[in-house]
Amino acid sequence: MSTTTELLKGAAELFPDEVVTQAHVRHLELPGAGTFALITLDNGLDHTKPTTFGPQSLANLNAAIDQVEAEAADGKIVGVGVTGKPFIFAVGADLKGVELLKRHEDALAIGKGGHDVFKRLSGLAVPTFAYYNGAAMGGGVEVGLHCTYRTVSKALPAFSLPEVFLGLVPGWGGCVLLPNLIGADRAVSVIIENSLNQNKQLKGQQVYDLGIADAIFEGADFLEQSLLWTASVLKGDTEVVRADVDRGEAWDQAVQRGKGIADSKVHGAAPAAYRALDIIAAAKNGDLRQGFDAEDQALADLIMGGELRSGIYSFNLVQKRAKRPAGAPDKALARPVTKVGVVGAGLMASQLALLFARRLEVPVVLTDIDQARIDKGVEYVHGEIDKLLLKGRVNQDKANRLKGLVSGHLDKAAAFGDADFVIEAVFEEMGVKQQVFAEVEAVVPEHAVLATNTSSLSVTEMASKLKHPERVVGFHFFNPVAILPLLEIVRAEQTDDASLATAFSVAKSLKKTAVLVKDAPAFVVNRILTRFMGEIQNVIDEGTPVETAEKAVEPLGLPMSPLVLLELVGPAIGLHVSETLHGAFPDRFTVSPNLAAVVKAGKRGFYVYDSGKPELDPEVAALLKQGDSVLTEEQVRDRVLDAVAQEIGLMLDEGVVAEAQDIDLCLITGAGWPFHLGGITPYLDRAGVSERVNGKKFLAPGVASVPA
16 MSTTTELLKG AAELFPDEVV TQAHVRHLEL PGAGTFALIT LDNGLDHTKP
66 TTFGPQSLAN LNAAIDQVEA EAADGKIVGV GVTGKPFIFA VGADLKGVEL
116 LKRHEDALAI GKGGHDVFKR LSGLAVPTFA YYNGAAMGGG VEVGLHCTYR
166 TVSKALPAFS LPEVFLGLVP GWGGCVLLPN LIGADRAVSV IIENSLNQNK
216 QLKGQQVYDL GIADAIFEGA DFLEQSLLWT ASVLKGDTEV VRADVDRGEA
266 WDQAVQRGKG IADSKVHGAA PAAYRALDII AAAKNGDLRQ GFDAEDQALA
316 DLIMGGELRS GIYSFNLVQK RAKRPAGAPD KALARPVTKV GVVGAGLMAS
366 QLALLFARRL EVPVVLTDID QARIDKGVEY VHGEIDKLLL KGRVNQDKAN
416 RLKGLVSGHL DKAAAFGDAD FVIEAVFEEM GVKQQVFAEV EAVVPEHAVL
466 ATNTSSLSVT EMASKLKHPE RVVGFHFFNP VAILPLLEIV RAEQTDDASL
516 ATAFSVAKSL KKTAVLVKDA PAFVVNRILT RFMGEIQNVI DEGTPVETAE
566 KAVEPLGLPM SPLVLLELVG PAIGLHVSET LHGAFPDRFT VSPNLAAVVK
616 AGKRGFYVYD SGKPELDPEV AALLKQGDSV LTEEQVRDRV LDAVAQEIGL
666 MLDEGVVAEA QDIDLCLITG AGWPFHLGGI TPYLDRAGVS ERVNGKKFLA
716 PGVASVPA
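Position one of the sequence shown corresponds to residue 16 (our numbering), numbered consecutively onward.
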């Protein structure tokens, strides 16, 4: 038995529930070229269950290579190709198996096993070809990189090396082979930049333009055209010419650029990007064996580290928990929604109208206090649809249909008389919202759901003066509406199951990540962010320099610094939410006099950007009144994290959400907190903050950490 077979057999025993990929070999006669062996990777399921590589799957590919290797040695075949089932090439290692690993040597075996199988493709006595017919990620990309030639489908929707995004490195050849194929700079874009840019995917044309694929063909007859091209290559009629790779200063500059990207995204707080860059830097000498060994070590180290476990935890939250929201009522109770009303025609309301029209494709009617505002709101929606048309996101017919769905009306009775779902997006003031709901309730059908986009006010109080408070739900979106996936669905004290089920059904149609939250002040994201920001503002008010307070939380690797986030949210909104929470929990939430002064002065933030970088606005600096208590970065960080851990512990005790997992799902999808942190609770557990503040960890061992 070979070492590779033994490695994979041992790994397979650790992962008994693997969805196994078969590697089917069939033989084709290529015109004028000879007999060709085609390996098809297929797990026997449709495209909704993408093909992955667990240990048994790798063993199956290894056995297929045994067969074609013997055929090539005997002169029975002229080449070998690898392709996938319809719509899927392969999407990499099976993460369910990775999260089960408990020992460094088992993790090392996974790295070596993949390398040992894949590199056999480059060692065959005949040329090898990868045909990227559909989605290809991670190990799926890498198996193709080991081949002599590659083709790609124009219809390919997603191609990436996403490992750094999750907390790994491309560990089956990606860090070594890709820069040696397309140059270090382009490889850094694919491996580092795209990964850290929310796992950006490449389309088929981009894969070809980067030089990863040698030829590109239409999706309809992709495999047929790829095989004809293969025949012409094997006959010598087609010569594949690739650009020379610059192994001089350009390589080193590319690695430095990658480090700059990593620093700006994770601030040194997550090791994966830096390990990948070290391997890319060393790959400059073209020594593949040395590079593969480095990938094995990095892979094993990272698999046994907290970042990857948090990354897999995040992945599972977004891919699995998000699709089965905890506490949601039976979906059979949901009522159909054939028309939507939007109260308000400002920017938020207009964004909501656009989203409802695009996703539900039902009539959407906006109202406001005067016709001019309504016209402006409808005009905004129509303008955004025109932009989608210009970008090719919709065709002319679809654009016309969508525009036709969105209208405005000054009379609420005429607008909402037959609406099934009405959402308000008016000024964040309780009296205003209660009045709006009273007016809407008087004109809508009895079954209509009334939703509020409030960010912090009590939904129960908002519904308290209505005849039917049971049909009111919180439906809190995050800005920008089109981009951030989270939707906090708030169950007020009297909300009934049918209204709540309808809200969840609408959220699913909107393609949003819905999380059920209790009607508690500021719900989840705003409550945590306000406590987080509040401590930052407190230490500034007490005397710590602004720069020190901002830099203190850089190791969290957040998408932006606290005061840049405040600028995005708007200081006035931040002040309003802090006032709401101070009213509810005065012992923990403060109202910063400096923030109030900034808002009173009409400033849009703390910074100016005259040099292209954020610098403290001199006018804001003149407004600040600080004490004389100056903390270090470490002291600020401890204080902020302690406050956040305390608040999350209290929220869980209050039942604001079902579990800590929902807190993390909210922060990842509503506030852009990094995958590599797992949101926040795994980080607080790893750093010892949870136990220091609450006396226990938020998550059980193995949930976002190495199993005990």
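Here a beta-carbon is modelled for each residue, glycine too, at the ideal position from N, C-alpha and C.
Endpoints, the alpha helix (DSSP H) within which residue i is located
i, result
"residue 470", "Careful: residue 470 lies outside any alpha helix (DSSP H) and carries neither H nor E."
"residue 522", "512-524"
"residue 113", "110-113"
"residue 679", "675-686"
"residue 477", "474-478"
"residue 593", "586-599"
"residue 634", "633-638"
"residue 422", "No alpha helix (DSSP H) contains residue 422, which is instead part of the beta strand (DSSP E) from 421-423."
Residues that DSSP places opposite residue i in a beta bridge
i, result
"residue 490", "504"
"residue 217", "174"
"residue 233", "For residue 233, which the question treats as bridged, DSSP gives no partner whatsoever."
"residue 552", "Paired residue(s): none; residue 552 is not in a bridge."
"residue 356", "380, 437"
Three-state secondary structure (DSSP) of residue i
i, result
"residue 16", "Because residue 16 sits at a pLDDT of 45, beneath the cut-off of 50, its placement in the model cannot be relied upon, and the following sentence gives the value as read from the coordinates. Coil."
"residue 306", "helix"
"residue 545", "helix"
"residue 329", "helix"
"residue 454", "helix"
"residue 461", "coil"
"residue 445", "helix"
"residue 691", "helix"
"residue 666", "helix"
"residue 256", "coil"
"residue 42", "strand"
"residue 5", "Lying outside 16 to 723, the shown extent of the chain, residue 5 is not represented and no answer is given."
"residue 314", "helix"
"residue 386", "helix"
"residue 33", "coil"
"residue 651", "helix"
Cβ separation of residue i and residue j, assumed to be a contact under 8 Å, to the nearest whole Å
i, j, result
"residue 512", "residue 344", "4 Å"
"residue 187", "residue 130", "6 Å"
"residue 7", "residue 585", "The displayed coordinates of the chain run from 16 to 723. Any statement about residue 7 would go beyond what the structure contains."
"residue 282", "residue 350", "In fact, because the Cβ distance is near 47 Å, the residues do not count as touching under 8 Å."
"residue 214", "residue 177", "5 Å"
"residue 264", "residue 126", "Not a contact, Cβ separation roughly 31 Å."
"residue 291", "residue 185", "7 Å"
"residue 51", "residue 96", "7 Å"
"residue 510", "residue 487", "6 Å"
Residue interval of the beta strand (DSSP E) (run including residue i)
i, result
"residue 528", "528-533"
"residue 146", "143-147"
"residue 509", "First-last for residue 509: undefined, no H or E at that position."
"residue 133", "That residue, residue 133, is in no beta strand (DSSP E); its alpha helix (DSSP H) goes 119-133."
"residue 381", "379-382"
"residue 227", "Here residue 227 belongs to no beta strand (DSSP E), and DSSP marks it neither H nor E."
"residue 167", "164-168"
"residue 363", "Not the beta strand (DSSP E): residue 363 falls in the alpha helix (DSSP H), residues 362-375."
"residue 50", "49-57"
"residue 13", "The shown model of the chain, from 16 to 723, leaves out residue 13, and the question about it has no answer."
"residue 279", "Counting along the chain, residue 279 falls outside any beta strand (DSSP E), though it belongs to the alpha helix (DSSP H) covering 264-281."
"residue 436", "436-439"
"residue 431", "Not the beta strand (DSSP E): residue 431 falls in the alpha helix (DSSP H), residues 427-431."
"residue 740", "A question about residue 740 goes unanswered here, because the residues of the chain that appear run from 16 up to 723."
Same chain, Cβ closer than 7 Å to residue i, five either side skipped, listed in chain order
i, result
"residue 16", "Its pLDDT being 45, under 50, residue 16 is placed unreliably by the model, and the measurement read from it follows with that caveat. Excluding residues within five positions, none has a Cβ falling inside 7 Å."
"residue 393", "381, 421, 422, 423"
"residue 614", "586, 587, 590"
"residue 430", "356, 380, 382, 424"
Residues near residue i in its chain [Cβ-Cβ closer than 8 Å; skip 5 each side]
i, result
"residue 59", "37"
"residue 709", "660, 661, 664"
"residue 440", "357, 358, 359, 361, 363, 364, 367, 468"
"residue 397", "418, 421"
Distance cut-off 8 Å: residue i Cβ against heavy atoms of the ligand GDP
i, result
"residue 635", "The ligand GDP is absent from the structure shown, which contains no ligand whatsoever."
Residues near residue i in its chain [Cβ-Cβ closer than 6 Å; skip 5 each side]
i, result
"residue 233", "169"
"residue 456", "481"
"residue 567", "648, 651, 652"
"residue 158", "133"
"residue 741", "The structure shown does not extend to residue 741, since the chain is modelled only from 16 through 723, so no value can be given for it."
"residue 205", "176"
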